[in-house]
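Residue numbers (the numbering used here): 179 to 426.
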Amino acid sequence: MLSGNNKVIDMFSMIIKDASRVTAEANSSAYFLKSAILDHQSFEEIIFHNLFSEAQKRISESVDYKKIYTDYVSSNTDALNLMVEDLKATYTKDPACNYYYEPIVFLKGFKALQIHRIGSWFWSRGDRFLPLLLQSIVSELYQVDIHPSVSFGEAIFIDHATNLVIGKNVSIGSEVSILHSVSILSEGDGAEGKIIIEDNVLVSAGSCVIGDLVLGNNSKVGAGSFINATVLPKSTVVGVPMKSILTS
Numbered sequence: 179m180l181s182g183n184n185k186v187i188d189m190f191s192m193i194i195k196d197a198s199r200v201t202a203e204a205n206s207s208a209y210f211l212k213s214a215i216l217d218h219q220s221f222e223e224i225i226f227h228n229l230f231s232e233a234q235k236r237i238s239e240s241v242d243y244k245k246i247y248t249d250y251v252s253s254n255t256d257a258l259n260l261m262v263e264d265l266k267a268t269y270t271k272d273p274a275c276n277y278y279y280e281p282i283v284f285l286k287g288f289k290a291l292q293i294h295r296i297g298s299w300f301w302s303r304g305d306r307f308l309p310l311l312l313q314s315i316v317s318e319l320y321q322v323d324i325h326p327s328v329s330f331g332e333a334i335f336i337d338h339a340t341n342l343v344i345g346k347n348v349s350i351g352s353e354v355s356i357l358h359s360v361s362i363l364s365e366g367d368g369a370e371g372k373i374i375i376e377d378n379v380l381v382s383a384g385s386c387v388i389g390d391l392v393l394g395n396n397s398k399v400g401a402g403s404f405i406n407a408t409v410l411p412k413s414t415v416v417g418v419p420m421k422s423i424l425t426s
């Protein structure tokens, strides 16, 4: 596989350093981390193993996951950088995350997002079967259902992830954080009814975003809120019905 650029190589070094330290301190982790992290020779190999080993065992052994993944990282110049930025965002924003390898090995929000990115890339090139297969795999493994047409920017953090649903005609910017039990559903089709989530937005647990609307840059949606209209940049909205409580 590809060796990666300096950003990817640096991340690989930090992952190996973290896993080696933990293995030296806790014998109980040695076998698992050796298989999941330390036996691999590159960042992209670590990602592949942890994304698809469970799918190969539980979903379908007949799918050539290695070819799918290799086609993605070799043809998409942004693929590895997006993985690194998502990993950094998760490590930085999740207070329960202590090591760089943890999102790759343990956190289903990170895993679901990476498999979605692969499917979305193939979807953008006209493939319909493979992206829907990967969507189904993510749904079964992680209880996350994201339509393959959904686009994400970089440095995305999906926390907990269970019961996250994002329908088609949704565009999500960079540095966005989304928690569990969130539904984001456009009511329209094509150019109509599109939901746009701009950069540095927080969508909190249990919230529902429905309609033809924009969540503006640096806005926040409170837990359990129902959002059916545009949210202005730098504002915080909460409740059912939605109410703005802060605009900075």
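Note that beta-carbon positions come from the ideal geometry of N, C-alpha and C, so glycine has one too.
Self-check item: Per-residue DSSP class, three states only, for Leu-308
Solution: By one-based count along the sequence shown, residue 308 stands at place 130. Look at Leu-308 here: in three-state DSSP terms it is helix.
Quiz item: Roughly how far, in whole angstroms, is the beta-carbon of Ile-315 from the beta-carbon of Ile-237, given that I think they are within contact range, below 8 Å?
Solution: Walking along the sequence shown from the start, residue 315 turns up at place 137. Walking along the sequence shown from the start, residue 237 turns up at place 59. Indeed, because the Cβ distance is near 5 Å, the residues count as touching under 8 Å.
Quiz prompt | N- and C-terminal bounds of the beta strand (DSSP E) containing Thr-414 | solution = In the sequence shown, the residue the question calls residue 414 occupies position 236. Element bounds for Thr-414: 413-416.
Quiz item: Quick one: complete beta strand (DSSP E) runs, 3+ long, within the region 239-302?
Solution: Note on the region 239-302: there is no whole beta strand (DSSP E) run with a minimum of 3 residues.
Quiz item: On the three-state DSSP scale, how would you describe Ser-385?
Solution: Taking the sequence shown and counting its residues from 1, one reaches residue 385 at position 207. Coil at Ser-385, not helix or strand.
Self-check item: Exposed unless 16 or more other CB atoms sit within 10 angstroms - verdict on Tyr-209
Solution: Counting from one through the sequence shown, the residue named residue 209 turns up at place 31. Tyr-209 should be labelled exposed.
Quiz item: Which value, in whole angstroms, describes the spacing of the CA atoms of Ser-329 and Lys-195?
Solution: Taking the sequence shown and counting its residues from 1, one reaches residue 329 at position 151. Taking the sequence shown and counting its residues from 1, one reaches residue 195 at position 17. Separation of Ser-329 and Lys-195 (C-alpha to C-alpha, rounded to the nearest whole angstrom) is 32 Å.
Quiz prompt | the region 215-225 in contact with the region 184-204 per 3-pair CB rule at 8 Å | solution = Output reads yes: the region 184-204 touches the region 215-225.
Quiz item: For Pro-326 versus Gly-297, is the C-beta spacing smaller than 8 Å?
Solution: Taking the first residue of the sequence shown as 1, we reach residue 326 at position 148. Taking the first residue of the sequence shown as 1, we reach residue 297 at position 119. Yes, the pair counts as a contact, with Cβ atoms nearer than the cut-off.
Quiz prompt | Exposure of Glu-376, with buried meaning 16 or more beta-carbon neighbours within 10 Å | solution = Along the sequence shown, read from residue 1 onward, the residue named residue 376 stands at position 198. The residue in question, Glu-376, is buried, as its Cβ has 16 or more Cβ neighbours within 10 Å.
Exercise. Compute the Euclidean distance between the alpha carbons of Asn-276 and Met-420, then round it to the nearest angstrom.
Key: Position 98 of the sequence shown holds residue 276. Position 242 of the sequence shown holds residue 420. Distance between the alpha carbons of Asn-276 and Met-420 is about 35 Å.
Quiz item: How is Ile-237 classed by DSSP in three states: helix, strand or coil?
Solution: Taking the first residue of the sequence shown as position 1, residue 237 is located at position 59. In the structure shown, Ile-237 sits in coil (DSSP, three-state: anything other than H, G, I, E or B).
Practice problem: Indicate whether Ile-356 and Val-322 have their beta-carbon atoms separated by less than 8 Å. | Solution: By one-based count along the sequence shown, residue 356 stands at place 178. By one-based count along the sequence shown, residue 322 stands at place 144. Cβ distance not < 8 Å, so Ile-356 and Val-322 don't count as in contact.
Exercise. Just the C-alpha distance for Val-262 and Val-415, rounded to the nearest angstrom, thanks.
Key: Taking the sequence shown and counting its residues from 1, the one referred to as residue 262 is at position 84. Taking the sequence shown and counting its residues from 1, the one referred to as residue 415 is at position 237. Answer to the nearest angstrom: the Cα atoms are 31 Å apart.
Quiz item: How about Ile-373 and Val-354: do their beta carbons lie closer than 8 Å?
Solution: To locate residue 373, count along the sequence shown from 1; it is residue 195. To locate residue 354, count along the sequence shown from 1; it is residue 176. Result no, Cβ atoms of Ile-373 and Val-354 do not sit closer than 8 Å.
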